[in-house]
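Here's the structure, in structure tokens; my notes come after.
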Amino acid sequence: MHYATIKPVDIANGPGVRVSLFVSGCTHRCPGCFNAEAWDFSYGAPFTEETQEELLKALSPDYIEGLTLLGGEPMEPVNQETLLPFIRKVRERLPEKTIWCFTGYDFETDILGRMMPQSETTCQLVPLFDVMVDGKFVQELKNITLKFRGSENQRVLNVQASLEAGKAVWEEGFR
181 MHYATIKPVD IANGPGVRVS LFVSGCTHRC PGCFNAEAWD FSYGAPFTEE
231 TQEELLKALS PDYIEGLTLL GGEPMEPVNQ ETLLPFIRKV RERLPEKTIW
281 CFTGYDFETD ILGRMMPQSE TTCQLVPLFD VMVDGKFVQE LKNITLKFRG
331 SENQRVLNVQ ASLEAGKAVW EEGFR
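Note that this note's numbering has the sequence shown beginning at 181, numbered continuously upward.
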């Protein structure tokens, strides 16, 4: 896996001060995407052990609330394979940090309906997230007043509650 950039101090992609990892590779190709250069799976730099340690170090201060995964597309199957062991490290070393994942995939149709039944990696990765912002960016539904999302079709979901319910459950305060 490659990554486009790391923002060690980010206040735009989740609550509080966060560390954001922008992975490379996306097959959605949404018109109006703010990060179209990251559609290319080989864009940026390789995601190495050193990169992981850099991220873990950036996450360690008390003022950092958590990690945000964006893209590109973190839920592309090839990216999931690399992210799963890394996210496990985050959970083991820094269990108090929240993990947000932005995805263009729909939680019910794609994540629950297709990916989890077909992929053990997805089954192991998704429960490690606290919040998932789902849905493709839709230019015609763009709304700059929305908190942590770009278009009105996107949702801010509580992953644990959604998995338990077997359907999308909004994170409190974001509907």
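C-beta: ideal position from N, C-alpha, C; glycine also.
As the structure is a computational prediction, the values presented were derived from the model and not from experiment.
query                                                                                                           : result
Unbroken alpha helix (DSSP H) run spanning Val339, endpoints                                                    : Val339 to Ala345
Top-ranked residue by Cα proximity to Val296, from Cys210, Glu230 and Lys347                                    : The sequence shown places Met at residue 296, not Val. Ranking Cys210, Glu230 and Lys347 by Cα distance to Met296 puts Lys347 first.
DSSP three-state assignment for Cys206, whether helix, strand or coil                                           : coil
CB of Leu239 within 8 Å of CB of Leu247, strictly                                                               : yes
DSSP state of Glu230 mapped onto helix, strand, coil                                                            : helix
Same chain only: Cβ atoms within 6 Å of Asp190, ignoring 5 sequence neighbours per side                         : Arg198 and Ser200
Other residues of its chain near Cys206: CB distance less than 6 Å, five sequence neighbours each side excluded : Trp219, Gly251, Gly252 and Glu253
Cβ-based burial, Phe287 [other Cβ within 10 Å; buried from 16]                                                  : buried
Those residues which DSSP pairs with Ala225 across a bridge                                                     : Tyr183
For Leu326, the three-state DSSP class (helix, strand or coil)                                                  : coil
Where Met312 sits in the DSSP three-state scheme                                                                : strand
CB of Glu217 within 8 Å of CB of Ala192, strictly                                                               : no
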